[in-house]
Each structure stands twice: as structure tokens, then as C-alpha cells.
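Colleague: For the record, the sequence lines run as chains A and B.
Mapped onto numbering that gives the first Met the number 0, the consecutive letters of the first sequence carry residue numbers 0 to 173.
Mapped onto numbering that gives the first Met the number 0, the consecutive letters of the second sequence carry residue numbers 0 to 173.
Positions of the beta carbon are idealized from the N, C-alpha and C atoms, including for glycine.
Here the structure is a predicted model, which is why all the values come from computation and not from measurement.
Number of protein chains: 2
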Amino acid sequence: MHFQLASVIPVLLRTPAVLDAWLRDLPEEWIMATEGGESWSAFDNLGHFIHGEKTDWMPRLRIILEHGEDRVFDPYDRFAQFAISEGRTTAQLLDEFATRRAKNVEDLVALDLQPADFARRGRHPAFGVVTVAQLLSTWTAHDLGHLRQMARTMAKRLREDVGPWAEYLPVMNE
Amino acid sequence: MHFQLASVIPVLLRTPAVLDAWLRDLPEEWIMATEGGESWSAFDNLGHFIHGEKTDWMPRLRIILEHGEDRVFDPYDRFAQFAISEGRTTAQLLDEFATRRAKNVEDLVALDLQPADFARRGRHPAFGVVTVAQLLSTWTAHDLGHLRQMARTMAKRLREDVGPWAEYLPVMNE
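In C-alpha cells:
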């Protein structure tokens, strides 16, 4: 099996510090910028990260370990961040995410999962059987995917300002 | 004019800390992963960031301020990072980038550019007339574009490991 817990944990542990270095005290115009329409700002992404810590990754891991394929995961609300972040500051969200992520990774390590555990199976509401390895890989890739989304969203604020250089910046055309 | 120096400087100043929080002591398999073929690793991106600080952004700004449209910018070598980073560690590259970026932003602030300066014009070797505002916006967007590239590259290491979740992770299909 390709999956290695010791490889994904360093990524999971770093995400709060990456977000902190990037967003804390950054001017609001960057934090609140979207790509238009229903697209998400960095602020929305932060709320989404927190929601994942509360209801998605570790809760689903525990469902697999306790119930296997017998209990379908609760569906994940991909819009809950709007309730989580309402009336709160970026600093508060950064702090909450850092605390929840550190605790969740601590809990994950404390489970002391063994190689056979990573092949244990649960049931996803949309696509059926999934494994512990797939869940933990997705947790990690999901972090990276949202970092990418935030970078793209912030870059596009400058779409007009870069003038002819847009041609050399693939991020502007995504 | 949309461009605001006070808006882009906080982004430029944060990039070294973002990279540091993300990459320092991260296992090598993440730092060296590419998307295959000639695509760049996070390590290659770091060398590219350093090369930009040495030869691209501030040197081009000085060419505009000193020579205007009379002197075409030196072409930018988008592959110089392979020479810069050869035989060096990630930690060394992070340190060098942080030092160079801090110095360049300090120099930029010391220039005390006034609103009229942002409209001053230089000449790009490929697409002709560009302005100071466009150059400084591109410096900033270029940072964000490479953060996005690094996140995508690292996420794709997990392309197979996430199993059916790939469908919910747009980053896997870019």
C-alpha cells in the first residue's frame, strides 16, 4: 500500500501555520475577495476548514473504526462555513482551526492505527465503500486543494492590474 | 487607478513565512514531488522565487525608473532555478528567499513611489509597454500563482490514494 500515515501527518499539522502566516492581519480586501458569484473567499475557506475538523474527517474515521460498512457517513454540508464564520473575525477562525486541527491530529496519533487498519472499510453516502487510507489521504489532499483555491482567488483580484502579463500567469486563466 | 501599493506589500511580505510554515522540515517526498515530466517540484519553485528576487522584479522596476521605455528589460530565465538550487537544502533556499524578499520590499518602500510613478512605463521584451503598477501587481500575482502550483503538485501525489474522493477534489483534475 502506498499510503503512509507518517507522510500525511506533517502536511496536516502544517496547514494551520500556513494559513496563519498568510492571512493573519492581511488587509480585508484579500481575505474577503471571491471569484464572483457563489465562489468562496479565503474567509469562507477558513470556516470550511473548521467545519471539516468538527464534522468530517475524524468523526468519519471513528464511524469506520466503530461500525465499518454498517453505518453510512453523515452527509457533509459543504456550505456550513457560512454559519460558522458569521460575525467572527479572521483571527478567531485561525485560532479555532489551529486548536481543532492540533487536537484531531493528536487523537489520530493516539489511535495508534496499524497497517491493517488502513484497509478497513466504511460507507460513503455518495460512492459507497471507502477505506481508512482513502479518508486520511482525502483529508490531506483537501487541505492542499483549498490552499490552491485561496491562492487562485487572491491572484485573480489582480487580473486587470497585471495588464499584458496575464498571458504568462496561468492562474489568471483557471 | 485600482493599484494600491499598500495592498500588495502585505502579500509580498507574507510569502516567505507561508513557504517556511509549509516546507521547512516537511518530508522530502513532498518537497521533491512533481506532476511528472518537466513539471516543477516545491523545491524548484523555491529556486524560482529566489531567481525572481535577484533578477526580475526590483531590477526591472529600477530599469523603468531610470530608463523608462528606452531600455528593454533583460529577458527572464524561467529555468534558472535549477542552477540556483543545485546542491542546496530546502532550509537554505527558504532562508535565502526570506532575506532577499525582505530586502527587496524594504528597498521598494524606500523608493517612496508617488501615485504618478505607478503609471510610468517600461518596455517588456515580449509584449512591449508595461507600467510600474502592472509590474508590481505581477510580482504579487506571481507569488500567489506559485503557491497555487505547489499546492496542486503536492495534492496530486495523493491522486490514487484518495480513491473515489477524487471526484470531489477539483485539484486532482487540473
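Could you spell out the range, first to last residue, of the alpha helix (DSSP H) harbouring Arg120 (chain A)?
Modeller: Working through the first sequence from its first residue, we reach residue 120 (chain A) at position 121. Here Arg120 (chain A) belongs to no alpha helix (DSSP H); instead the beta strand (DSSP E) covers 120 to 123.
Colleague: Around the C-beta of Met0 (chain A), are 16 or more other C-beta atoms found within 10 angstroms, so that it is buried, or is it exposed?
Modeller: The residue labelled residue 0 (chain A) in the question sits at position 1 within the first sequence. For Met0 (chain A), the pLDDT reaches just 49, beneath the cut-off of 50, and the residue's location in the model is therefore unreliable, although a value from the coordinates is still provided. Exposed, since its Cβ has fewer than 16 Cβ neighbours within 10 Å.
Colleague: Can you look up Thr54 (chain B) in the DSSP assignment and give me helix, strand or coil?
Modeller: Residue numbering aside, residue 54 (chain B) sits at position 55 when the second sequence is read from its first letter. Reduced to three states, the DSSP call for Thr54 (chain B) is helix.
Colleague: Would you mind stating whether Ala97 (chain A) and Pro15 (chain A) have Cβ atoms separated by less than 7 Å?
Modeller: In the first sequence, counting from the first residue as 1, residue 97 (chain A) sits at position 98. In the first sequence, counting from the first residue as 1, residue 15 (chain A) sits at position 16. The answer is yes: Cβ separation under 7 Å.
Colleague: Can you tell me whether Val7 (chain A) is buried or exposed? The criterion is at least 16 other CB atoms within 10 Å of its CB, across all chains shown.
Modeller: Your numbering for residue 7 (chain A) matches position 8 in the first sequence. When all chains shown are included, Val7 (chain A) counts as buried.
Colleague: How many Å lie between Arg61 (chain A) and Glu68 (chain A) at the Cα?
Modeller: For the purposes of this step, residue 61 (chain A) is taken as residue 62 along the first sequence, with counting starting at 1. For the purposes of this step, residue 68 (chain A) is taken as residue 69 along the first sequence, with counting starting at 1. Whole-angstrom Cα-Cα distance: 12 Å.
Colleague: Between the C-alpha atoms of Gly86 (chain B) and Phe81 (chain A), what's the straight-line distance to the nearest angstrom?
Modeller: Along the second sequence, read from residue 1 onward, the residue named residue 86 (chain B) stands at position 87. Along the first sequence, read from residue 1 onward, the residue named residue 81 (chain A) stands at position 82. C-alpha separation (whole angstroms): 47 Å.
Colleague: If you measure beta-carbon to beta-carbon, which residues of the stretch 133 to 157 of chain B are closer than 7 Å to chain D?
Modeller: The chain inventory of the structure shown lacks chain D, comprising the protein chains A and B.
Colleague: Can you tell me which residues form a DSSP beta bridge with Val71 (chain B)?
Modeller: In the second sequence, residue 71 (chain B) corresponds to position 72, counting from 1. In the DSSP output, where bridge partners are listed per residue, Val71 (chain B) has B:Arg122.
Colleague: Below 8 Å, can you find three or more Cβ-Cβ pairs linking the stretch 32 to 44 of chain A to the stretch 45 to 59 of chain B?
Modeller: Result no; under three Cβ-Cβ pairs closer than 8 Å.
Colleague: Kindly indicate if chain A contains any beta-carbon less than 7 Å away from that of Pro26 (chain B).
Modeller: Numbered from 1 along the second sequence, position 27 holds the residue referred to as residue 26 (chain B). Answer yes: the Cβ-Cβ gap between Pro26 (chain B) and chain A drops below 7 Å somewhere.
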